Amino acid sequence: MADEFDVIVIGAGPAGENVADRVVRGGLSAAVVEAELAGGECSYWACVPSKALLRPVELAAEARRAPGLTVGPVDTAAVLARRDEAVSRFDDGGQVRWIEGVPAEFVRGRGRLDGPGRVAVDLPGGGSRTLTARHAVVLATGSRAVVPPVPGLAEARPWGSREATAAKAVPARLAVLGGGVVACEMAQALHGLGARETTVLVRGDRLLGRMEPFASALVADSFAASGIGVRTGAEAVRVERPEPGGPVTVHLASGPPVEADELLVATGRRAATDGLGLETVGLPGDRPVEVDDSMRAVGADGGRLYAVGDVNGRALLTHMGKYQARVCGDVIAARAKGEPDDLPALRDAAGGYGAPQVVFTDPQVCSVGRTEARARAEGFPVRAVEYDLGAVTGAYLLGDGYRGRAKAVVDAERRVLLGVTFAGPGAAELLHAATIAVTAEVPLDRLWHAVPSFPTVSEVWLRLLEAYGL
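The sequence shown runs contiguously to residue 470 in full-length UniProt numbering.
Laid out in structure tokens, this is it:
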């Protein structure tokens with residue numbers, strides 16, 4: 001097998017796959033190196049399985065809000081079987097065939113940098129292989145879950161996001177450490193699938209601390225209504241699990257301890273740079289890889305190293321990693337052919353406006369751009385308006401007791417949107433319109449003429465503009 005390629009990608013998740021696809025489209029050859037499963041974290045342990053677990057729980061909640069429908073219990077075994085189908089039963093053969101059909105060479109093994117333009121691969125059966133890149137090496141290794149240094153926590157062998165999304169059975173009692181997206185989604189999914197005692201332990205003062213406060217409050221209300229306990233200001237100081245696989249106890253700085261059958265730790269992620277050999281190209285190996293807006297690593301020897309997705313720390317979201325990968329692949333192809341690489345289309349732009357994000361709880365929470373607090377902290381002349389999403393006719397028709405809220409954060413001088421947040425059942429489908437308006441900086445006076453259909457929830461756009469005074 002040839003050991004020289006135009007581009008070598010380390011990591012075969014969605015970001016790595018997209019880089020390979022774009023450089024090959026640009027006329028270059030590529031190799032993709034992966035130590036685990038082609039398709040990456042998102043396909044097997046994150047986005048796909050978590051949504052497969054959440055959807056039946058969400059749908060049952062929607063049906064209960066619709067008069068005239070009777071909803072029985074969720075069939076947990078059937079949901080878990082569907083989850084297994086969604087992750088191809090952890091068989092990456094289809095993903096490997098896709099990579100090879102790009103066409104790019106798929107190399108199974110653990111890749112690490114071995115100097116500028118060189119990648120050493122430890123092969124699964126023993127031995128190694130050294131690959132050389134004529135134009136670029138791209139890191140797309142993602143991120144790994146963080147386990148805080150709480151005494152006894154690591155020894156208790158808690159679940160991370162991987163164990164939670166791949167669970168073969170649902171524990172009767174579940175404790176969740178963390179209050180972010182993974183914590184909220186998996187608490188609600190597993191509670192809805194049978195974890196009758198679920199307690200979320202939040203170190204801060206609210207769930208989803210980076211979102212607008214009203215969104216946090218709506219999710220907290222939903223949790224309370226379904227029987228999920230939330231304890232804020234809950235700092236874990238010690239964890240005990242005397243017997244492997246037995247009950248686990250979380251001791252807190254204040255208040256009674258929490259005992260559960262399983263403990264899910266969802267306190268954040270860090271760039272997966274361990275063992276990547278960054279020091280061989282003059283970079284530190286204990287932090288995300290800093291990149292410029294073309295995704296090229298800043299300060300790397302030789303100038304041929306790029307990094308996309310979670311490993312660069314810009315936005316730990318699959319869709320943003322894929323977006324960066326498209327930018328990166330096109331830039332590499334342009335530079336390899338001596339073409340201009342300073343075009344706006346060949347530079348990361350969406351990240352500067354604020355990445356779109358959805359929290360797939362019930363209610364769903366979605367946002368793009370800046371929160372009001374962030375916009376004010378960055379010095380923008382801010383005016384914010386809110387509207388009761390449940391007061392829109394289209395929302396009322398979705399079911400009794402629909403609760404939600406919408407907020408628009410506006411640059412009052414330029415009269416363009418800086419950020420938008422929606423919270424409510426099914427609200428995620430509203431987000432892309434907001435993403436277009438924010439990234440394109442559509443003036444409010446133009447948005448006024450984008451007429452929403454009646455009776456849809458999208459009519460909230462008209463209500464927000466009216467609240468602003470248009």
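For each residue, glycine too, the CB sits at the ideal point set by N, CA and C. It should be emphasised that the depicted structure is a prediction, and the values quoted were computed from it without experimental measurement.
Length of the line joining the Cα atoms of residue i and residue j
| i | j | result |
| --- | --- | --- |
| Ala66 | Ala183 | 28 Å |
| residue 471 | Leu207 | Here the chain comprises residues numbered 1 to 470, so residue 471 is not present and cannot be evaluated. |
| Ala234 | Leu177 | 9 Å |
| Ala15 | Thr318 | 7 Å |
| Phe454 | Cys366 | 22 Å |
| Ala350 | Glu459 | 26 Å |
| Arg55 | Arg118 | 44 Å |
| Pro151 | Val237 | 7 Å |
| Asp301 | Gly321 | 24 Å |
| Ala120 | Asp205 | 46 Å |
| His432 | Trp461 | 13 Å |
| Cys328 | Leu123 | 27 Å |
| Ile436 | Asp84 | 34 Å |
| Arg370 | Leu464 | 17 Å |
| Arg112 | Leu276 | 4 Å |
| Tyr468 | Val368 | 19 Å |
| Glu372 | Phe5 | 47 Å |
| Asp348 | Leu69 | 47 Å |
| Gly126 | Asp341 | 41 Å |
| Val298 | His449 | 44 Å |
| Gly209 | Gly313 | 19 Å |
| Val291 | Ala434 | 27 Å |
| Leu398 | Tyr387 | 17 Å |
| Gly115 | Pro288 | 18 Å |
| Glu466 | Leu447 | 11 Å |
| Asp221 | Arg376 | 27 Å |
When the options are compared against residue i, the one with the closest alpha-carbon
| i | options | result |
| --- | --- | --- |
| Ala61 | Glu413, Arg403, Pro344, Gly275 | Arg403 |
| Arg110 | Pro288, Ala104, Arg129, Gly160 | Arg129 |
| Pro247 | Arg370, Asp292, Ala156 | Ala156 |
| Ala395 | Leu417, Arg370, Ala423, Glu372 | Ala423 |
| Glu441 | Asp411, Gly303, Val119, Asp261 | Asp411 |
| Pro244 | Leu80, Glu262, Tyr387 | Glu262 |
| residue 471 | Val23, Val7, Ile8, Ser143 | This structure cannot speak to residue 471, because the chain is shown only from 1 to 470. |
| Gly419 | Phe5, Gly352, Arg108 | Gly352 |
| Ile10 | Tyr306, Pro149, Val392, Met295 | Tyr306 |
| Glu185 | Phe223, Pro148, Arg203, Arg210 | Phe223 |
| Ser161 | Ile436, Tyr387, Ala46 | Ala46 |
| Ala30 | Gly313, Thr70, Val107 | Val107 |
| Lys337 | Arg134, Pro425, Arg314 | Arg134 |
| Met211 | Gly179, Ala266, Asp114, Ala253 | Gly179 |
| Ala136 | Val96, Met295, Ala355, Glu259 | Met295 |
| Glu163 | Arg415, Ala434, Pro340, Ala266 | Ala266 |
| Glu413 | Ala315, Glu429, Leu444 | Leu444 |
| Asp92 | Glu34, Ala63, Leu59 | Glu34 |
| Gln95 | Gly13, Arg25, Glu429, Gly26 | Gly13 |
| Arg241 | Ala253, Ala260, Leu252 | Ala260 |
| Ile99 | Gly68, Val48, Arg25 | Arg25 |
| Thr421 | Asp221, Pro213, Ala315, Asp274 | Pro213 |
| Pro149 | Gly209, Ala434, Leu316, Gly268 | Gly268 |
| Val48 | Leu59, Pro116, Arg89 | Arg89 |
| residue 474 | Gly209, Gly354, Leu398, Tyr387 | For the chain, the structure presents residues 1 to 470; residue 474 sits outside this window and is missing. |
Residue i and residue j closer than 8 Å at C-beta
| i | j | result |
| --- | --- | --- |
| Ser226 | His191 | yes |
| Leu28 | Val7 | yes |
| Gly142 | Gly40 | yes |
| Val32 | Ala81 | no |
| Gly309 | Gln324 | yes |
| Val311 | Ala345 | no |
| Leu417 | Val438 | yes |
| Ala427 | Gln357 | no |
| Leu139 | Val147 | no |
| Thr199 | Val258 | yes |
| Val181 | Val359 | yes |
| Thr132 | Asp3 | yes |
Assumed close pair residue i, residue j - CB separation to whole angstroms, cut-off 8 Å
| i | j | result |
| --- | --- | --- |
| Pro158 | Leu264 | 7 Å |
| Ala86 | Ala52 | 4 Å |
| Thr165 | Ser43 | Not really, about 11 Å apart at Cβ, beyond 8 Å. |
| Leu218 | Arg374 | Actually they do not touch by this definition, with Cβ atoms about 20 Å apart. |
| Val451 | Leu389 | About 19 Å separates the two Cβ atoms, so there is no contact after all. |
| Asp400 | Gln188 | Wrong, their Cβ atoms sit about 20 Å apart, outside the cutoff. |
| Val71 | Val57 | Incorrect: roughly 11 Å between the Cβ atoms, too far for contact. |
| Arg231 | Gly255 | 7 Å |
| Val250 | Ala145 | In fact, because the Cβ distance is near 17 Å, the residues do not count as touching under 8 Å. |
Validate contact between the segment 364–383 and the segment 166–177 using beta carbons, cut 8 Å, 3 pairs: Flag = no, the segment 364–383 and the segment 166–177 do not touch.
Meets three-Cβ-pair contact criterion under 8 Å: the segment 277–285 and the segment 191–206: For the pair of segments examined, the segment 277–285 was found not to touch the segment 191–206: the number of CB pairs separated by less than 8 Å stays below three.
At least three beta-carbon pairs within less than 8 Å, the segment 16–23 to the segment 320–333: These segments touch.
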